[in-house]
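So the sequences go chain by chain: L and G.
Numbered per the numbering used here, the first sequence finishes at 1024, counting up by one with no gaps.
Numbered per the numbering used here, the second sequence finishes at 91, counting up by one with no gaps.
Every residue, glycine too, gets a C-beta built ideally from N, C-alpha and C.
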Amino acid sequence: MSDCCDTGGTVTLAPPRSGKRGQTPGQTAAKISTVALVGPPNCGKSTLFNRLTGLRQKVANYPGVTVEQHFGRMGGVGRGDLVLIDLPGIHSLHTFSEDARVAVDVLHGNMPGTPAPDAVLLVLDALHLNRQLMLAAPVLALGLPTLVLLNMADLMEAQGGKIDVLALARELGAPVAMICATKGNGLDAIARFVNRLSGSPEALAAPVQLPVLQNVASCRQWANGVSARTNYKAPLSSLWTRRLDAVLLHKVGGPLIFLGVVIGVFQVVFAAGLPLSNWLDKILSQAGGALAGIFPAHWLQVLVRDGVWNGMQAVMIFLPQILLLFLVIGILEDSGYLARAALIADRVMRSIGLNGKAFIPLLSAYACAVPAIMATRTIENKRDRMATILVAPFMTCPARLPIYTLMIAAFIPDRHILGDLFGMRAAVMLGLYLLGFLAALGTARLLKSSVLKASAAPFILELPQYRWPTFRSMGLRLLDRGGVFVKQTGTVILAVTFVLWLLSIVPIHAGEMASLTGSVIGRLGHFIEPAIRPLGFNWKIGIGLLSSVVAREVIVGTLGTLYGADPATHSLGLQAALRHDLTLGGAMALVVFFAFAMQCTSTLAVVRRETNSWKWPAAQFLYMTGLAYIAALGTNQILLHLH
Amino acid sequence: MAATLHVKVLSDLPIGCCATLAALDLPEAIQGQLLHLGFVPETRVLALRRAPAGDPTVYCVDGAEIALRRETAQFIAVTSVCKADREALR
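(1) My parser needs the alpha helix (DSSP H) runs of 4 or more residues fully inside the stretch 865-902 of chain L; what are they?
(2) For the stretch 33-60 of chain G, enumerate the residues whose C-beta is nearer than 9 Å to any C-beta of chain L, in chain order.
(3) Quick one, which residues of the stretch 837-859 of chain L are near chain G if we go by CB-CB under 7 Å, in chain order?
(4) Taking only the alpha-carbon atoms, compute the straight-line gap between P677/L and Y944/L and give it to the nearest angstrom.
(5) Strictly under 8 Å for the Cβ-Cβ distance: is L744/L near chain G by that measure?
(6) For Q404/L, which residues from the same chain have a beta carbon less than 7 Å from its beta carbon, with the 5 sequence-adjacent residues on both sides left out?
(7) Could you check what DSSP says for Y60/G in three-state terms: helix, strand or coil?
(8) Name, please, each residue of chain G whose Cβ falls closer than 9 Å to the Cβ of V832/L.
(9) Could you confirm whether any beta carbon from chain L is found closer than 8 Å to the beta carbon of D63/G?
(10) Around the Cβ of I16/G, are there at least 16 other Cβ atoms within 10 angstroms (buried) or fewer (exposed)?
(11) With a threshold of 8 Å between beta carbons, is A68/G in contact with chain L?
(12) How about the stretch 757-770 of chain L and the stretch 674-690 of chain L: do they share at least three Cβ pairs that are nearer than 8 Å?
(13) For L744/L versus T769/L, is the C-beta distance shorter than 8 Å?
(14) Taking 8 Å as the CB-CB cut-off, is T73/G touching chain L?
(15) Do we get a CB-CB distance below 8 Å when we pair N511/L with the residues of chain G?
(16) On the CB-based measure, 16 or more other CB atoms within 10 Å of its CB, does V729/L come out buried or exposed?
(17) In whole angstroms, give me the CA-to-CA distance for A584/L and L857/L.
(18) Taking M455/L as part of the alpha helix (DSSP H), name the residues at either end of that continuous run.
(19) When you compare the CB of M2/G with every CB in chain L, is at least one pair closer than 8 Å?
(20) Could you check where the alpha helix (DSSP H) with T600/L kicks off and where it finishes?
(21) Can you check whether the C-beta of V557/L is within less than 8 Å of a C-beta belonging to chain G?
(22) Can you tell me whether DSSP reads D342/L as helix, strand or coil?
(23) With DSSP as the reference, label S983/L as helix, strand or coil.
(24) Jot down the residue ranges of each uninterrupted alpha helix (DSSP H) in the stretch 946-1024 of chain L, minimum 4 residues, whole runs only, in chain order.
(25) What does DSSP give as the partner residues of D765/L in its beta bridges?
(26) Start and end of the beta strand (DSSP E) containing N532/L?
(27) Identify, in the order they occur along the chain, each residue of the same chain with its Cβ nearer than 7 Å to the Cβ of R806/L, setting aside the five sequence neighbours on each side.
(28) So that I know if they touch, is there some Cβ in chain L lying closer than 8 Å to that of I31/G?
(29) Is L414/L helix, strand or coil when you go by DSSP?
(30) Please classify A627/L: is it buried, with 16 or more other beta-carbons within 10 angstroms of its beta-carbon, or exposed?
(31) For a cutoff of 8 Å on Cβ pairs, would you count A598/L as touching chain G?
(32) Relative to the C-alpha of P774/L, which candidate in P616/L, P556/L, I889/L, T824/L has its C-alpha closest?
(33) For the beta strand (DSSP E) holding I841/L, just list the boundary residues, first then last.
(34) Kindly indicate which three-state DSSP category N919/L falls into: helix, strand or coil?
(35) In the structure shown, what three-state DSSP assignment does N423/L receive?
(36) Would you kindly report the start and end of the unbroken alpha helix (DSSP H) that includes L816/L?
This is the structure:
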């Protein structure tokens, strides 16, 4: 690391080497093509990235890790030919965390598939410059041409903070600019930096000697020295933040407001998102039918409608809920309330081995596990995030309701218990919700005491100042999340849906597709009957279970088809047919099975995407299905012996 | 004042009181993270407020507000405890 590491022998012969930094002018003479965006967490880096790239960005995962990689072309400053890489937020280049390892590898050009950057934009939060400067020393020591950006400069000045920018540039040996990423102020400095870089090399500030910093304490001392010499005065913390916190974190008022917010989030996703999804579902069904009608041959119509369009539809109907949830969470996060909510919920979440940041994602899972799992990104601790992802699908989502209501209506008498207050059917439904919740609780505890045991990851939460969220940043966030879902999760869902559809129509004899019972899936249903008979299920239920791997609600349609085609039951309604065919034990075992089982391709696809491996979704599928089997077996056997 | 003299660790610091950070006795990775957030020895820290459930506690250090659980704060030693002036609390 040191500049004075040359051995004595070479010094006398070779021209004086000034270390890595001395090479900068030479590098800048070459045309730059890749710029890396570096900064500590929460410094406004992503907002700046969105500003600089507009919507021309690509999101992917770095190979082998869960860290996401963002690429974009710097169209926002008129340099569409330059690629900007957004690195994960890091405190230092010490490779404690996966994030920091990725950042170091990219900066050194050691990340396969990612070009080595030839310049760096270092973003620092002007409100907390004392500690943010600690990242400056190791980043500048890399020797790449660097522009230091002091973000939230307007907020700092508005709150009585100040700094001598020229002095800071002299101290760091790099140009410094004050910017405001949310408003887009000061971005012309970035344009000048990248343009000058590709032109004349002498425009750079003269390199200065940076101290060799081995540990955090000396790094800190250096940062404090720099901020003292540049007359940095930290802004006073905002009066409004303190006043709002006095209310929002009040002993009694705080939890009440929190409860209101929680109900609000749930209402938005459940009460507004679900009807929107249903509406979209209906529209898309009609459109699919109309589209299929264009094709002349019958088999082509079926292929287009059932094979392809249905898969696309399965992806699209999640979009309203995903976008609404991300809108609400985005407002909460950007305004600063999400950190307060995590603080309030922490005590409760800790009792199940998670932390406060897991609360909102788990709550959203009651509406749909897919956006909930995407929302776990706000949990920085990787183990806690993984645990939250793994338990979220146990929360009772609306896709379970069709089979719940069908079985309850068919098998549970409409009797009152506890006077007129409470019906027996409502009690069973509530019990099923409780069952999912308890399974999540137990699983979280199990995970956190075994594979995901938190060894060195405490709950450290920074409370940012309250700010107004901006429309632009909300819009970019929604486009980003929606795009990731459609492109990366959607393709998996589409593929699986297509394969399952194919299995339900093959083998094709003389141009005729197989009936459901005669298809591969139908035969599999018969094949697994011995395994599910102890649960009180027959082969028809078996086919239903197999076909509902796509999505839970599919089973009701499948059962309708099967019982309708059966001469013994085709004259009965579905409820009566089920009563004719199943015992109470089997019926209750079926709903218990659905409370636990992972019958949702979309969730599996999104888990794969968020964990960047097939290992976790596979383990989750096996665990949940195993648990469902055992619980359904227990339910059937107990009810069998009670009767 | 007498009541605050026995305070030796950050988790025991009453709300509205200041102290000087003395030492962090935590695993290296956590210690590094806390140092980066401003929990540096010799720095003054203020116990600002507790979460409604009584834990975690929000500390004000180096101009930032950071919440720590008791289980973490109890390994951070402090000295020179005193009541914060009204300007710091507001």
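This is what the structure gives:
(1) Taken in chain order, the whole alpha helix (DSSP H) runs of length 4 or more contained in the stretch 865-902 of chain L are 871-884.
(2) Against chain L - using a Cβ distance shorter than 9 Å - the residues of the stretch 33-60 of chain G are G33, Q34, L35, L36, H37, L38, G39, V41, P42, L49, R50, R51, A52, P53, A54, G55, D56, P57, V59.
(3) If you check each beta-carbon in the stretch 837-859 of chain L against every beta-carbon of chain G, the ones closer than 7 Å belong to A837, P839, F840, I841, L842, E843, L844.
(4) For P677/L and Y944/L, the distance between alpha carbons rounds to 31 Å.
(5) Between L744/L and chain G, the shortest Cβ-Cβ separation is not below 8 Å.
(6) Low confidence applies here, because Q404/L scores a pLDDT of 40, under 50, leaving its location unreliable; read the following figure in that light. So the qualifying residues of the chain are G524.
(7) Reduced to three states, the DSSP call for Y60/G is strand.
(8) For V832/L, none of the residues of chain G pass the 9 Å Cβ criterion, the least Cβ distance being about 19 Å.
(9) Between D63/G and chain L, the shortest Cβ-Cβ separation is below 8 Å.
(10) Exposed: under 16 other Cβ atoms inside 10 Å.
(11) Using a Cβ-Cβ cut-off of 8 Å, A68/G counts as an interface residue toward chain L, since at least one Cβ of chain L sits closer than that to its own.
(12) With the cut-off at 8 Å, the stretch 757-770 of chain L and the stretch 674-690 of chain L do not touch.
(13) Contact: no.
(14) By this cut-off, T73/G is an interface position.
(15) Yes - at least one Cβ of chain G is within 8 Å of the one on N511/L.
(16) Exposed, because fewer than 16 other Cβ atoms sit within 10 Å of the Cβ of V729/L.
(17) A caution first: A584/L carries a pLDDT of 43, below 50, which makes its placement in the model unreliable, though a value can still be read off. Straight-line Cα distance between these residues: approximately 34 Å.
(18) That residue, M455/L, is in no alpha helix (DSSP H); its beta strand (DSSP E) goes 449-455.
(19) Residue confidence is low: M2/G scores 48 on pLDDT, short of 50, so the model does not pin down where it sits. Its coordinate-derived value is still stated next. M2/G does not count as touching chain L.
(20) Looking at the sequence shown, residue 600/L is not Thr but Cys. For C600/L, the enclosing alpha helix (DSSP H) starts and ends at 597-610.
(21) Answer no: the Cβ-Cβ gap between V557/L and chain G never drops below 8 Å.
(22) The displayed coordinates of chain L run from 382 to 1024. Any statement about residue 342/L would go beyond what the structure contains.
(23) When DSSP states are grouped into helix, strand and coil, S983/L belongs to the helix group.
(24) Entirely contained in the stretch 946-1024 of chain L, the alpha helix (DSSP H) runs reaching 4 residues are, in chain order, 955-962, 965-977, 982-992, 996-1023.
(25) Paired residue(s): none; D765/L is not in a bridge.
(26) Looking at the DSSP string, the run of the beta strand (DSSP E) that includes N532/L is 527-532.
(27) Here R806/L has I789, I793, D795 as same chain residues with Cβ atoms under 7 Å from its own Cβ, once five neighbours each way along the sequence are excluded.
(28) Cβ-Cβ to chain L under 8 Å: yes for I31/G.
(29) First, the amino acid is wrong: residue 414/L is Ser here, not Leu. In this structure, S414/L counts as coil in the three-state DSSP scheme.
(30) A627/L comes out exposed.
(31) True, the Cβ-Cβ gap to chain G drops below 8 Å.
(32) Here the closest residue by C-alpha is T824/L.
(33) 841-844 is the extent of the beta strand (DSSP E) around I841/L.
(34) Reduced to three states, the DSSP call for N919/L is coil.
(35) N423/L falls in the coil class under three-state DSSP.
(36) Element bounds for L816/L: 805-829.
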